[in-house]
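Those protein sequence lines, which keep their order, are chains A and B. Numbering-wise, the working numbering comes out as the position in the first sequence, counting from 1, plus 53. Numbering-wise, the working numbering comes out as the position in the second sequence, counting from 1, plus 401. Have a look at the structure below, then the notes.
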Amino acid sequence: MHKIQTQCFAVIYIPFYSLQCAQQKRALQICHHLSSEQLSLEVIESAIGRVPPQNIYDDASFDIPAALLDQDGIHVIELNPAAERAGIHPGVSTSQAIARASELVLYPRTLSNEQHLQDTLLQLAYRYSPFVENSAPGICTLDLKGKRIRKHQPWLRELLAQLRSVGLKAQAGIGPNPEIALQAAKIADPILEISQYSHLLHSLPLESLAPSAFLLDIMKSWGVRTLGALTRLPREEIGQRLGLEGLSLWDRAAGRSTNVLRLVQPPETFEESIDFEQRLETLEPLLFIITRFLESLSLRIESVYLLIAELHLTLTLENGEKIVRILQIPAPTRNVDTLFGIAAQYLETLQTTAPVTSFHLAVIPSRPSGHQFDLFQGGLKDPNRFFQTLARLAALVGNEKVGVPQKIDTHQPDSLRMLMPELDWSRNSIKKKGYPKTGPGLRRYRPGIAAEVQLTNDGKPNLIQSSVISGKIMEARGPWKLSGNWWDRTRWETKEWDIALDNGGIYRIAQRTTLQDQWEVVGVYD
Amino acid sequence: MSSSKIIELRKILAERYPQHTGIQALCTPTGWPPLDSLLGGGLPKGAITQLLIPNVSSGGAIVLHEIIEAMQDASRHVVLVDGKDCFEPSADHPFLLWIRCQNAAQALKATDLILRDGNVPLTILDFKQNPDRELRKIPGPTWYRFQRIAEESRTSLLTITRHPIAKSAQATISTTHQLNIDDLSSQRSEITKFISLEIIQLRTQLEYRYA
Numbered sequence: 054m055h056k057i058q059t060q061c062f063a064v065i066y067i068p069f070y071s072l073q074c075a076q077q078k079r080a081l082q083i084c085h086h087l088s089s090e091q092l093s094l095e096v097i098e099s100a101i102g103r104v105p106p107q108n109i110y111d112d113a114s115f116d117i118p119a120a121l122l123d124q125d126g127i128h129v130i131e132l133n134p135a136a137e138r139a140g141i142h143p144g145v146s147t148s149q150a151i152a153r154a155s156e157l158v159l160y161p162r163t164l165s166n167e168q169h170l171q172d173t174l175l176q177l178a179y180r181y182s183p184f185v186e187n188s189a190p191g192i193c194t195l196d197l198k199g200k201r202i203r204k205h206q207p208w209l210r211e212l213l214a215q216l217r218s219v220g221l222k223a224q225a226g227i228g229p230n231p232e233i234a235l236q237a238a239k240i241a242d243p244i245l246e247i248s249q250y251s252h253l254l255h256s257l258p259l260e261s262l263a264p265s266a267f268l269l270d271i272m273k274s275w276g277v278r279t280l281g282a283l284t285r286l287p288r289e290e291i292g293q294r295l296g297l298e299g300l301s302l303w304d305r306a307a308g309r310s311t312n313v314l315r316l317v318q319p320p321e322t323f324e325e326s327i328d329f330e331q332r333l334e335t336l337e338p339l340l341f342i343i344t345r346f347l348e349s350l351s352l353r354i355e356s357v358y359l360l361i362a363e364l365h366l367t368l369t370l371e372n373g374e375k376i377v378r379i380l381q382i383p384a385p386t387r388n389v390d391t392l393f394g395i396a397a398q399y400l401e402t403l404q405t406t407a408p409v410t411s412f413h414l415a416v417i418p419s420r421p422s423g424h425q426f427d428l429f430q431g432g433l434k435d436p437n438r439f440f441q442t443l444a445r446l447a448a449l450v451g452n453e454k455v456g457v458p459q460k461i462d463t464h465q466p467d468s469l470r471m472l473m474p475e476l477d478w479s480r481n482s483i484k485k486k487g488y489p490k491t492g493p494g495l496r497r498y499r500p501g502i503a504a505e506v507q508l509t510n511d512g513k514p515n516l517i518q519s520s521v522i523s524g525k526i527m528e529a530r531g532p533w534k535l536s537g538n539w540w541d542r543t544r545w546e547t548k549e550w551d552i553a554l555d556n557g558g559i560y561r562i563a564q565r566t567t568l569q570d571q572w573e574v575v576g577v578y579d
Numbered sequence: 402m403s404s405s406k407i408i409e410l411r412k413i414l415a416e417r418y419p420q421h422t423g424i425q426a427l428c429t430p431t432g433w434p435p436l437d438s439l440l441g442g443g444l445p446k447g448a449i450t451q452l453l454i455p456n457v458s459s460g461g462a463i464v465l466h467e468i469i470e471a472m473q474d475a476s477r478h479v480v481l482v483d484g485k486d487c488f489e490p491s492a493d494h495p496f497l498l499w500i501r502c503q504n505a506a507q508a509l510k511a512t513d514l515i516l517r518d519g520n521v522p523l524t525i526l527d528f529k530q531n532p533d534r535e536l537r538k539i540p541g542p543t544w545y546r547f548q549r550i551a552e553e554s555r556t557s558l559l560t561i562t563r564h565p566i567a568k569s570a571q572a573t574i575s576t577t578h579q580l581n582i583d584d585l586s587s588q589r590s591e592i593t594k595f596i597s598l599e600i601i602q603l604r605t606q607l608e609y610r611y612a
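Shown next as structure tokens:
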């Protein structure tokens, strides 16, 4: 027996989307400003991740009248319900709006933030269905075919919570076609599932279908103001009088729309940016912003089952200078604390020539890498932590004083370079065997210690005096003549002797021919 | 997998790789037999071991090289905190992280960072060349702090000094060998035969924990 598979669509709808984007940005601005001025315990705790991320957005209350201004900052273009209740309409000037509601909060439009948040919406939605339409700003439609679950509420709640964590309050609707799902989303609180065309939709105003102004005027002149009123009129009559546009409107109002989704792939760029209203002069506000950005980006990266391999930080300074830094993550991860630690460690050592005016953070995703260790091969437990420790060690002793020693191919004594462990140091399994193991090891004095040496008649060291050793030389072997680079200014030449003193110590001393035959104690054999 | 199969697998592994099984829970094997056999499998894990080399030219650097090379042969990482920047690598050491400090205070800070990191199983703190006046300034509680950190991170700390300074060490061993100038042309394997290590003090786990 064949099962009849009914179509099912979900729409994620973010009411007054542009306004919410502006509010989200303002919330960040306020918090970083607060952290720079007051450094309250709560903000510091937020910066280190102890306060849930959604807290900062709770201030963007929907009960306070709020309006979005156009690019010129003259007219109101979007309102929240509280502002509408105060009698403000889209298109009024700023002064008119403020005259009607003195507590009105005005927000400048942030197009770049709207684009980032739309990308976020698509990326988060893509986790739940591969069939996603970028329907409109703040609206995303998901085709749920193939999703073999009956209850959609749990995953929709999860998705809405994720959007809330990035500062967007969204609603979700489910319906047998995209139009019904959209209408359901618009009246949902926060989720509404409509299996068939419902009387719930009858009472919706015609504006919810966004008809053309011409069509809307005609409908209103007929006294048709709701979807229910429109669908009570005969479809054919509407078609004869208003043409295809009218028929399409009637079909949409009746829930018979058969539009095909224009599927999109979510963008594969993961970035966040902010232009500071007040220039930054201290580190704390920046750390706060980074935490928020990392939380958001980590969430987006998680939705595509990838990990973060690189952080690209760009700081724009007041004098126009740009500081770009790429931070590689030794072991790709989505852990916000780890990523924050790496970014903070770099920023703590950064000194800028001018205050920061904007910050951009992009992350490069990578697939989780697989590696099978040998049975007894010891890898690093936490490579990210290890590389953070390495950076701290380098800050303590100097970059050139910490690392993996590598001999340089020369005969010049004490010639080696220090290599910072590679990102895959933990996977290094090369076994270097077979090198000569002759004689005791040398403990070298760096730099060599100047000495006075008295020679015997046959030119052998007889007595030595220095700050570390002095006395009669019991036995001396040498000289071992070494030289190199005779063809250029870095020429070096030395004669080395191994000597045994009466205290039982065996030392290596050298006569630097290129330094006026100066003697020095090179080291002690041990 | 049933428990009988796990037991069987453990037996096979213990027979085939005796140096790697069982004892690893308590010890960090260095791979250098004289030291591992003396301490019953390796350096105590999560604890401090103190190696005393009171004499000049008595084979301390040989011990250091042997441990580093044996760890490398076993593909295990090791950190050398060089208190006076005196280590002379005999070859490339891809598994060695060498921290070249200028004085004891710097070396202690580096050791603190490495122990807290907990990624590398063995840290060697070499104070053989540091002057006594520097070492005397190290506060006693420092070693107890290192003991607690090592215990928490389950790593081993080996200190090399001329005199005992780490009061919280679980094991204290010593070598009093004296090198001869003829040893300079000998194979190292020949020299190590004459380097004898002896245990000066070995605390039980209980004594150590409440030290």
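Beta carbons: idealized from backbone N, C-alpha and C, even for Gly. Predicted, not measured: the structure shown is a model, and the values here were computed from it.
Span of the alpha helix (DSSP H) around residue i
i: residue 436 of chain B; result: 434-439
i: residue 512 of chain B; result: 505-518
i: residue 597 of chain B; result: From DSSP, residue 597 of chain B is part of no alpha helix (DSSP H); its letter is neither H nor E.
i: residue 450 of chain B; result: Element bounds for residue 450 of chain B: not the alpha helix (DSSP H) but the beta strand (DSSP E), 449-453.
i: residue 231 of chain A; result: 231-240
i: residue 396 of chain A; result: 389-401
CB-CB length for residue i against residue j, believed under 8 Å
i: residue 499 of chain B; j: residue 483 of chain B; result: 6 Å
i: residue 385 of chain A; j: residue 360 of chain A; result: 4 Å
i: residue 394 of chain A; j: residue 457 of chain B; result: Wrong, their Cβ atoms sit about 44 Å apart, outside the cutoff.
i: residue 596 of chain B; j: residue 460 of chain B; result: 5 Å
i: residue 196 of chain A; j: residue 314 of chain A; result: 6 Å
i: residue 158 of chain A; j: residue 118 of chain A; result: 7 Å
i: residue 517 of chain A; j: residue 504 of chain A; result: 6 Å
Beta-carbon spacing of residue i, residue j below 8 Å
i: residue 462 of chain B; j: residue 579 of chain A; result: yes
i: residue 566 of chain A; j: residue 543 of chain A; result: no
i: residue 226 of chain A; j: residue 214 of chain A; result: no
i: residue 574 of chain B; j: residue 601 of chain B; result: yes
i: residue 433 of chain A; j: residue 504 of chain B; result: no
i: residue 312 of chain A; j: residue 207 of chain A; result: no
i: residue 334 of chain A; j: residue 408 of chain A; result: yes
i: residue 364 of chain B; j: residue 496 of chain A; result: Outside the shown range of chain B, which is 402 to 612, sits residue 364 of chain B, and nothing can be said about it.
i: residue 471 of chain B; j: residue 431 of chain B; result: yes
i: residue 132 of chain A; j: residue 170 of chain A; result: no
Contacts of residue i in chain B (Cβ-Cβ under 7 Å)
i: residue 556 of chain A; result: 457
i: residue 446 of chain A; result: 500, 511 and 514
i: residue 439 of chain A; result: 518 and 520
Which of helix, strand or coil DSSP assigns to residue i
i: residue 144 of chain A; result: coil
i: residue 108 of chain A; result: Because residue 108 of chain A carries a pLDDT of 47, less than 50, the predicted location of this residue cannot be relied on, and the following value inherits that uncertainty. Looking at residue 108 of chain A - three-state DSSP - the assignment turns out to be helix.
i: residue 103 of chain A; result: A caution first: residue 103 of chain A carries a pLDDT of 38, below 50, which makes its placement in the model unreliable, though a value can still be read off. Three-state result, residue 103 of chain A: coil.
i: residue 602 of chain B; result: strand
i: residue 124 of chain A; result: coil
i: residue 567 of chain A; result: helix
i: residue 181 of chain A; result: coil
i: residue 98 of chain A; result: Unreliable placement is indicated for residue 98 of chain A, whose pLDDT of 45 sits below 50; no coordinate value is reported for it.
i: residue 187 of chain A; result: strand
i: residue 585 of chain B; result: helix
i: residue 539 of chain A; result: coil
i: residue 223 of chain A; result: coil
i: residue 543 of chain B; result: helix
i: residue 275 of chain A; result: coil
i: residue 428 of chain B; result: strand
i: residue 317 of chain A; result: coil
Chain A residues whose Cβ lies nearer than 9 Å to that of residue i
i: residue 578 of chain B; result: Simply none; closest approach about 10 Å.
i: residue 494 of chain B; result: 457, 458, 459 and 485
Under 8 Å by beta carbon: chain B residues contacting residue i
i: residue 474 of chain A; result: 498
i: residue 392 of chain A; result: Neighbours of residue 392 of chain A on chain B: none; closest Cβ ~18 Å, over 8 Å.
N- and C-terminal bounds of the beta strand (DSSP E) containing residue i
i: residue 412 of chain A; result: 409-419
i: residue 515 of chain A; result: 514-519
i: residue 480 of chain B; result: 479-483
i: residue 381 of chain A; result: 375-386
Chain-ordered chain A contacts of residue i [CB-CB under 7 Å]
i: residue 571 of chain B; result: Chain A residues near residue 571 of chain B: none, gap ~21 Å exceeds 7 Å.
i: residue 592 of chain B; result: 493
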